[in-house]
Every structure is written in C-alpha cells, then in structure tokens.
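*Asks:* Residue numbers (full-length UniProt numbering): 1 to 418. Glycine residues also receive a C-beta, built at the ideal position from the N, C-alpha and C atoms. Here you go, one structure.
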C-alpha cells in the first residue's frame with residue numbers, strides 16, 4: 001500500500017517521489033523479525049502438489065504462498081513443454097535485443113496468445129519489464145491523441161507500477177488517488193484533456209478494480225486505462241482471459257492490460273495485451289525492455305505454448321471451478337474482509353506486526369506456510385497473514401490450515417487477557 005510508505009501521502013497528491021531511506025528505517029525491524037523467525041526467504045525443494053520440502057531440515061510443508069492459482073506451475077504438460085523447447089532449440093537464451101533477433105517459437109507464442117486473448121500480445125521477461133516499457137510510452141502522449149495525459153495511480157497499485165512514478169513525472173504530471181476513488185478520478189477527467197488511470201485488476205492483498213465503472217468513465221471522457229491483471233489472468237473467462245479482459249468485448253485504442261505468464265498461467269514471464277497496430281508498432285520499436293533487452297528464454301516459451309494449448313481445452317474450466325470451490329470452503333471456515341469474492345487471495349488480520357510474524361512461525365512449525373504481511377506491504381497496524389488459495393490444494397489441507405490459524409488466534413487472545 002503505497003500511501004503508507006514515507007514519501008506518499010494518503011489522499012490525492014502530486015508527489016512523484018520515493019523516500020527509500022525512511023522506508024527502510026521504518027520497516028527494518030519487521031523484516032529483521034521475520035528473517036530471525038525463519039518465515040522469510042525460505043529455500044525449498046519442489047514436492048508433490050502444493051507441498052515443498054524445507055532445505056534446512058527436510059520437512060514437507062503445505063505452501064499457501066505461491067500464486068499459481070490453477071496449480072499449473074508443476075503441470076506435467078507445461079513442464080514437458082519447457083524441457084522439449086530447450087532441447088529442440090539447442091539453447092536456453094539469446095543475449096540479443098528483440099529489435100535484432102527473435103526465436104521463431106516466440107513469434108508462434110505471441111500469435112497464439114494474441115488469438116487466445118483477442119489482442120495484440122507482446123511478451124516480456126517479467127510483468128515489471130512490461131510495466132517499465134509501457135508507462136513511459138503512455139506518458140509521452142503518443143497513445144492519447146498527442147496530449148500528454150495526467151498519469152493517475154490508484155493508491156494501492158502494485159509496487160511494480162508505483163515504482164515508475166519518478167520516471168513518468170519527468171514526462172508529465174503524476175497523481176495518486178485513494179483506492180478505487182472514482183469520484184475523484186472523474187473530477188480529474190473533467191478538468192484535463194487526457195487522463196490515464198493505472199491500477200491493478202486483482203490486487204495482490206485482495207480486492208479488485210471496478211472494471212464496469214472504469215469503462216463508463218472511459219466512454220464518457222476518453223479515459224485511458226492501464227490495468228495490471230497479473231493476479232487475475234487465467235482465473236476468469238472461457239479461455240482464461242483474466243479478471244479485466246473477460247469483462248471487455250474489445251480493448252480498442254484506450255485500454256492496455258498487463259498480465260503474468262507465471263501465476264495463474266503456470267509458465268514464466270509477462271505480457272501486454274494491446275488493442276491496435278499503432279500501439280504494437282510503438283512498443284516493438286521504443287519500449288525499453290523490447291529495444292534494449294532480451295526475450296523470455298526458450299524454456300519459458302515452451303512452457304507458455306503448452307499452457308496456451310491447455311487453455312483451449314476443457315481442463316481450464318475444471319481447474320477454474322475447483323479453485324472457486326476451494327475459495328468457498330476457506331470463506332466458510334475463515335471469514336475475512338474478502339469473503340464472498342471470487343478472487344483467490346485472502347488476508348487474515350492480526351494487527352500487530354510481531355504477532356503476524358509469530359503466527360506465521362507457528363504455522364510453519366505445524367507444516368503450513370503462509371506469508372506474514374506487514375508495513376510497507378500493508379499499513380502500520382494492519383499486519384496479518386496472506387493466504388493464496390489454489391485449485392491444487394485439497395479440502396483437508398485447507399481445513400487443517402484454518403484450524404491451525406484458529407488455534408494461533410486463541411493462543412494470542414489468551415496471552416493478552418487480563
């Protein structure tokens with residue numbers, strides 16, 4: 001939550017800077033506690049399903065941290081696709097900018113993804129690289145009729161979006177709005193020739209963007225939408241178009257969607273869904289991570305091609321349905337602020353940072369790993385556990401996790417009773 005990082009104010013602001021020194025000073029003790037308690041930066045070996053093996057003691061634990069919401073990251077067809085691609089190409093990686101040489105298989109992948117998502121898709125090594133490429137080009141005005149837009153960030157926009165505010169501010173004006181504050185966004189649209197709104201589709205700590213309302217503002221004012229749907233891709237739509245794309249008929253010239261190939265999609269890398277040939281040409285010639293960096297490697301290409309094939313089968317729908325069943329089960333056992341929503345991220349509130357770290361430590365000892373979240377990821381005093389549910393978790397694993405969290409809460413409550 002960027003509004004709680006020193007250097008970002010809570011309301012609408014023109015600030016476009018970071019205060020990294022103050023951030024480190026304010027958050028260092030929480031990170032120190034998490035590392036000391038052994039609940040951060042774990043090294044593990046893959047195991048079956050949603051389990052991993054701790055490197056330091058060989059214990060098998062159930063992982064609720066990975067964002068592979070459809071449990072595709074170890075799907076046999078996707079693993080085989082990665083292996084076969086490396087073998088058939090005879091190389092893993094070309095150290096060459098994409099404006100010079102590209103793997104033929106990469107062209108095949110981008111064509112397949114473009115057909116799957118009804119967009120002009122360009123792939124990147126990460127979603128961060130995609131965002132880094134897109135935001136300065138939007139700020140330039142080349143996608144908004146020659147007018148440099150006011151770049152308006154949702155206050156909870158992911159760090160891989162907010163990080164670029166300083167760069168963008170050297171091009172045009174930057175604003176930050178309260179989360180999903182459509183009234184303030186509409187005021188900006190009325191007062192400015194061009195406005196671009198930057199937000200997540202599905203937010204990494206839970207919740208989502210109001211796509212229908214944003215589209216209404218787009219139709220009324222010509223609002224440009226840049227939506228990072230990294231956590232929504234594959235989970236919605238008959239072809240896994242994602243949370244945002246599945247709610248739109250056409251992208252047109254005023255919507256760009258960034259998404260991950262490494263979360264719900266189950267492969268590796270990032271991508272941009274573009275709506276016009278003009279946008280595609282601009283990005284392929286001038287986007288930083290396209291013109292001055294290399295493509296995803298052949299293993300990632302092979303894995304993504306295999307996932308794209310899977311997305312065209314009935315298995316996708318079965319996995320989507322299984323995920324919704326797991327989410328409903330968790331909500332029935334462990335009510336949270338996100339209960340009832342079809343999104344796979346749940347945050348269990350503890351409040352105190354050290355309590356959240358301690359809870360994560362106890363759960364790990366019991367065989368479950370959930371992320372302790374604290375400032376600056378969330379606001380001070382809003383610490384808790386972040387639980388990522390997947391289609392691959394068994395009902396027993398979810399029931400056991402919830403039972404253990406309840407026991408931790410009871411222990412904390414008893415310890416603080418007068």
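Output needed for residue 78: all residues of its chain with C-beta closer than 8 angstroms, excluding positions within five of it in sequence on either side, in chain order.
*Replies:* Cβ neighbours of residue 78 beyond the five flanking positions: 72, 266, 267, 303, 306, 307, 310.
*Asks:* To the nearest angstrom, report how far apart residue 52 and residue 367 are at their CA atoms.
*Replies:* Going from the Cα of residue 52 to the Cα of residue 367 covers about 10 angstroms.
*Asks:* When DSSP builds the beta bridges, which residues end up paired with residue 175?
*Replies:* Per DSSP, 152.
*Asks:* Beta-carbon within less than 8 angstroms of residue 221's beta-carbon, same chain only, minus the 5 sequence neighbours each way: which residues are those?
*Replies:* Result list for residue 221: 186, 189, 190, 195, in chain order.
*Asks:* At a cut of 8 angstroms, does the region 222-242 reach the region 371-380 through at least three beta carbon pairs?
*Replies:* No, the region 222-242 does not touch the region 371-380.
*Asks:* Between which residues of its own chain and residue 211 is the CB-CB distance below 7 angstroms, once the five residues before and five after are set aside?
*Replies:* Closer than 7 angstroms at Cβ, skipping near neighbours: 244, 247.
*Asks:* For the region 352-363 against the region 27-39, are there 3 or more C-beta pairs whose distance is under 8 angstroms?
*Replies:* The answer is yes - the region 27-39 touches the region 352-363, with three or more Cβ pairs under 8 angstroms.
*Asks:* For residue 410, collect the residues of the same chain with a Cβ closer than 8 angstroms to its Cβ; drop the 5 residues on either side in sequence, then sort them by chain order.
*Replies:* No residues qualify anywhere along the chain.
*Asks:* Taking 9 angstroms as the threshold (C-beta atoms), are residue 326 and residue 386 in contact?
*Replies:* No, they are not a contact pair.
*Asks:* Does the beta-carbon distance from residue 182 to residue 217 come in below 9 angstroms?
*Replies:* Yes, the pair counts as a contact, with Cβ atoms nearer than the cut-off.
*Asks:* Beta strand (DSSP E) containing residue 67: first to last residue?
*Replies:* No beta strand (DSSP E) holds residue 67; DSSP gives it neither H nor E.
*Asks:* Taking residue 157 as the reference, which of 331, 259, 201 has the closest Cα?
*Replies:* Out of 331, 259, 201, 201 has the C-alpha closest to the C-alpha of residue 157.
*Asks:* So the candidates are 269, 260, 39, 223; which of them puts its Cα closest to the Cα of residue 251?
*Replies:* Out of 269, 260, 39, 223, 223 has the C-alpha closest to the C-alpha of residue 251.
*Asks:* Which first and last residues belong to the beta strand (DSSP E) in which residue 350 is found?
*Replies:* Where residue 350 is concerned, the enclosing beta strand (DSSP E) stretches over 345-351.
*Asks:* Can you list, in chain order, the residues of its chain with a C-beta nearer than 6 angstroms to that of residue 203? Leave out the 5 residues immediately preceding and following it.
*Replies:* Excluding residues within five positions, the ones whose Cβ falls inside 6 angstroms are 156.
*Asks:* Can you grab the Cα-Cα spacing for the pair residue 321 / residue 173, in whole Å?
*Replies:* Spanning the two alpha carbons is a distance of roughly 43 angstroms.
*Asks:* Tell me whether the beta-carbon of residue 296 lies closer than 9 angstroms to the beta-carbon of residue 257.
*Replies:* Cβ distance not < 9 angstroms, so residue 296 and residue 257 don't count as in contact.
*Asks:* Relative to the alpha-carbon of residue 109, which residue among 65, 277, 81, 99 has its alpha-carbon at the smallest distance?
*Replies:* Selected option, being the one with the closest Cα: 81.
*Asks:* Fully enclosed by the region 62-137, which alpha helix (DSSP H) runs are 4 residues long or longer?
*Replies:* For the region 62-137, whole alpha helix (DSSP H) runs of length 4 or above, ordered along the chain, are 76-89, 104-117.
*Asks:* Please classify residue 255: does DSSP put it in a helix, a strand, or coil?
*Replies:* Residue state, collapsed to three classes: strand.
*Asks:* Using 8 angstroms for Cβ pairs, my map puts residue 89 next to residue 298. What's the rounded Cβ distance?
*Replies:* Right, their Cβ atoms sit about 5 angstroms apart.
*Asks:* Are any of the Cβ atoms in chain C nearer than 9 angstroms to that of residue 290?
*Replies:* Absent from the structure: chain C. Only one protein chain is present.
*Asks:* With contact counted as at least three CB pairs below 8 angstroms, one residue from each stretch, are the region 275-287 and the region 61-69 in contact?
*Replies:* Contact between the region 275-287 and the region 61-69 is absent, because fewer than three Cβ pairs lie under 8 angstroms.
*Asks:* Return the Cβ separation of residue 106 and residue 301 in integer angstroms, given the expectation that the two are a contact with Cβ distance under 8 angstroms.
*Replies:* Correct: roughly 6 angstroms between the Cβ atoms.
*Asks:* Mind checking who residue 51 pairs with in its DSSP beta bridge?
*Replies:* In DSSP, residue 51 forms a bridge with 62.
*Asks:* Give me the Cα-Cα distance between residue 313 and residue 238, rounded to the nearest whole angstrom.
*Replies:* Taking the straight line joining both Cα atoms gives about 10 angstroms.
*Asks:* Am I right that residue 85 and residue 294 are in contact with their C-beta atoms under 8 angstroms? What's the rounded C-beta distance?
*Replies:* Residue 85 to residue 294, Cβ: 16 angstroms. No contact.
*Asks:* Kindly indicate which three-state DSSP category residue 369 falls into: helix, strand or coil?
*Replies:* Strand at residue 369.
*Asks:* Buried or exposed: residue 274, going by 16 or more other Cβ atoms within 10 Å of its Cβ?
*Replies:* That one is buried.
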